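With UniProt numbering applied, the sequence shown has no gaps in its numbers, which climb one by one up to 615 at the end.
Each residue gets a CB set at the ideal place from its N, CA and C atoms; glycine is no exception.
None of these values were measured; they are calculated from a predicted model.
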Amino acid sequence: MDGTGSFPSISAVPSISQRFAQWPPIVPAWRPRGYSFLWQHKEKHKKTLASKRTMDLAFRDKDTCIHMIFHVCPVRTGEVRMTIARRGFLGMAGAAATLPWWGMGRVLAAEPGGTLTIGLSTEPTAIDPHWHLVSQNNALAQHIFDRVAHGKPDMTVGPGLAERWKALDELTWEFTLRDGVRFHNGDPLTIEDIAFTLERAQNVPGAIFNMRSYLQDKVLEKVSDRVFLIRTPIPNPVVADELSTCAIVSKAAAGTATTDDYNSGKAAIGTGPYKLVEADLTSRIVLARNEDYWGEKPSFTQVVIRPIPVGGSRIAALRARDVDLIDKVPPADVKGLEALSDVALARGTPNRCIFLTMDQSRAVSPFVRGKDGGEIPNVLRDHRVREAMNLAIDRKAICDRILGGNGIPARQLVPDTIFGASPDLALPAVDLDRAKALLAEAGLPDGFSLTLHGPNDRFIRDSEVTQAVAQMLSRIGIAVQVDTMPASVFYQRATSGGPEGGSTYSFFLVGYGASMGDSGPSLRNVLMTQDKEKGHGANNRLRYSNPEVDALVLEGQSTMDDAKRAALYGRASKMAMDDVAIIPLYHPVDVWAFKSGLPYAGRNDERTLAMDVGI
1 MDGTGSFPSI SAVPSISQRF AQWPPIVPAW RPRGYSFLWQ HKEKHKKTLA SKRTMDLAFR
61 DKDTCIHMIF HVCPVRTGEV RMTIARRGFL GMAGAAATLP WWGMGRVLAA EPGGTLTIGL
121 STEPTAIDPH WHLVSQNNAL AQHIFDRVAH GKPDMTVGPG LAERWKALDE LTWEFTLRDG
181 VRFHNGDPLT IEDIAFTLER AQNVPGAIFN MRSYLQDKVL EKVSDRVFLI RTPIPNPVVA
241 DELSTCAIVS KAAAGTATTD DYNSGKAAIG TGPYKLVEAD LTSRIVLARN EDYWGEKPSF
301 TQVVIRPIPV GGSRIAALRA RDVDLIDKVP PADVKGLEAL SDVALARGTP NRCIFLTMDQ
361 SRAVSPFVRG KDGGEIPNVL RDHRVREAMN LAIDRKAICD RILGGNGIPA RQLVPDTIFG
421 ASPDLALPAV DLDRAKALLA EAGLPDGFSL TLHGPNDRFI RDSEVTQAVA QMLSRIGIAV
481 QVDTMPASVF YQRATSGGPE GGSTYSFFLV GYGASMGDSG PSLRNVLMTQ DKEKGHGANN
541 RLRYSNPEVD ALVLEGQSTM DDAKRAALYG RASKMAMDDV AIIPLYHPVD VWAFKSGLPY
601 AGRNDERTLA MDVGI
């Protein structure tokens, strides 16, 4: 936002070519970004440079941040090309302006039977498929491991390791495994592997998200070598959907394996379409096609996954043909890419909500303070304060001005396209006068101080969104300090390390993506009272609790009739939103970019999978 309280238009921000009409525009103050690499003279340090695929440094002037990424050409040792990417509102003019400087031609390219190179916005945090269920981890795991049922791009489920299943009664489901499925090491898949996996996934030491929420109610019973039953204590209409969230591992290969054993590749043995060859989660992951795969073989014999967190750098890598496909195209670049004949785009229907969550359990919260910085009671427990904050947020401005239209203002946790979304919720209208009055009623006529934490590399423009939220809240007298950090650090602290065994934070921005097309698991994980033993509230990190919401979600989960279940979930959602359990901001629209002629349609679950890319 500018000094008038308005957001600047994207077109008002100077392009890279304008800023660099005279080189250099300022004397750069160099600083390392993310890595401890230092730029050194290429002739003097050819050997060192040849071992580093990317040197990333940055400098700033007063109103823009420029990232200079030095790519070491993999086929010409010691030669370097430079791309310049603008961090912030980046127009395609910035990326396009750098292209004539390279003149290096194409380095990597997808060819039938060849290598597909994918540039991802967020690096996976683990290869262990049960350690942290986030989209980038789930996507990587889906290449290596299969599931009993497979999630489809439209978030329905179809046959996976089980070729068919059926409900025998309301408490019993029968699954039949495919014949002849083998793990990457040649061992046959057995029902014992399924049983071992369902137990392991609920008990991984140190897991950021254990899978009890999806699996605890399920008891496996072997019938024959290929047939097993899943019994539940109460009716569960989405047993197959919930099993589709759990990657199946080998009991023999991973019986005592730790998360580190998976991350090193030692235990990363699945039945999936690709085998793990090489893994440095921060820079390069290499997969080789499983030639003995039981299903349809993917088009590419090798897949290289490169985390490239800076949006402009992903664009530049695509334009240089260093990568064939990128995810999460920065909003300011979408129109420019659409105008290019050699680039195509795909969009996915959003399944995720980006929202604000507030500490509603602790009497004193670590980052809730008076205007003088002194300790005060946790005012976030007061519904009037939460409602005031809700009324101060301009969701449409965030979607239009920061996300460039690639976001849908959110009324509730799940998008309208997810089964069970409430039809009875309106988008909260911005009302600053009412918000200030509510704070005054709560005994805070002058507001209070608060820190907003969040990731700075997990969601498109997440740092910019947190800054915008802080400025919006300042208009009603809440002084907000923003503290963002890499997702790998953020999630650990958001989950634990704070007072009373809870979150380190009081107020943070986070996202939750529906893992299936039914809203029940989303409501259970985010809005139900946290109960680790029962697997409830696994993502309810700041411990909102409303027994009436809990009861509606639990009733819905055991209701086999679709219409009745949807109504129960809708009531639960409305009750939680009226209670300001969270402040939903927007549902991000995912945009992929790839070289023209490469068949790719995108997905609704945010995952970027080599198996979806044809020739």
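Item: Asp531 by DSSP, collapsed to three states: which one?; Value: strand
Item: Distance, Cα to Cα, Thr466 vs His453?; Value: 8 Å
Item: Distance check for Thr529 and Arg362, CA to CA, integer angstroms please.; Value: 14 Å
Item: Nearest-angstrom Cα distance between His184 and Val385?; Value: 55 Å
Item: I need the straight-line Cα distance from Asp359 to Leu509, nearest angstrom please.; Value: 12 Å
Item: Can you check the region 388-440 for any beta strand (DSSP E) of at least 3 residues that lies completely inside it and give the ranges in chain order?; Value: 407-409
Item: Using the beta-carbon count (16 or more within 10 Å), is Ala601 buried or exposed?; Value: exposed
Item: Tell me the rounded alpha-carbon separation between Ala12 and Ala437.; Value: Because Ala12 carries a pLDDT of 35, less than 50, the predicted location of this residue cannot be relied on, and the following value inherits that uncertainty. Computed Cα separation, rounded: 35 Å.
Item: Note down the Cα distance separating Ile208 from Pro599, rounded to an integer number of angstroms.; Value: 35 Å
Item: Identify, in the order they occur along the chain, each residue of the same chain with its Cβ nearer than 6 Å to the Cβ of Ile159, setting aside the five sequence neighbours on each side.; Value: Note that residue 159 is Pro in the sequence shown here, rather than Ile. None.
Item: Thinking C-alpha only, which one of Arg475, Gln481, Arg461 and Phe490 is nearest Pro455?; Value: Phe490
Item: Which word fits Ala610, buried or exposed, when buried means at least 16 other C-beta atoms lie within 10 angstroms of its C-beta?; Value: buried
Item: Please state whether DSSP places Arg384 in a helix, a strand or coil.; Value: helix
Item: Within 10 Å of its beta-carbon, does Gly513 have 16 or more other beta-carbons around it, so buried, or fewer, so exposed?; Value: buried
Item: If I follow the unbroken alpha helix (DSSP H) through Tyr491, where does it start and stop?; Value: Ala487 to Thr495
Item: Assign Leu318 to one of two classes, buried (16 or more other C-beta atoms within 10 Å of its C-beta) or exposed (fewer than that).; Value: buried
Item: Can you list, in chain order, the stretches of the alpha helix (DSSP H) that have 4 or more residues and sit fully within the region 242-322?; Value: 251-254, 259-263 and 311-319
Item: Counting C-beta neighbours from all protein chains within 10 Å, is the total for Asp322 16 or more, i.e. buried, or is it exposed?; Value: buried
Item: Exposed or buried, which one is Glu606 when buried takes at least 16 other CB atoms within 10 Å?; Value: buried
Item: Is it true that the CB of Val239 sits closer than 8 Å to the CB of Thr232?; Value: yes
Item: Helix, strand or coil for Ser522, going by three-state DSSP, please let me know.; Value: helix
Item: In terms of residue numbering, what span does the alpha helix (DSSP H) encompassing Gly336 cover?; Value: Val334 to Glu338
Item: Along the alpha helix (DSSP H) that carries His143, what are the first and last residues, could you check?; Value: Ser135 to Ile144
Item: Less than 8 Å between the C-beta atoms of Leu161 and Phe355, yes or no?; Value: no
Item: Three or more beta-carbon pairs under 8 Å between the region 170-182 and the region 218-238, yes or no?; Value: yes
Item: Give me the Cα-Cα distance between Arg434 and Ala468, rounded to the nearest whole angstrom.; Value: 20 Å
Item: When we look at the beta-carbon of Leu552 and count the other beta-carbons within 10 Å, is it buried (16 or more) or exposed?; Value: buried
Item: Could you tell me the alpha carbon to alpha carbon distance between Asp394 and Gly420, rounded to whole angstroms?; Value: 25 Å
Item: For Arg81 and Ser121, what's the separation of their Cα atoms in angstroms?; Value: Low local confidence applies: a pLDDT of 32 at Arg81 is under 50, so the model's placement there is unreliable, with the coordinate-based value given in what follows. Their backbone Cα atoms lie some 21 Å apart in a straight line.
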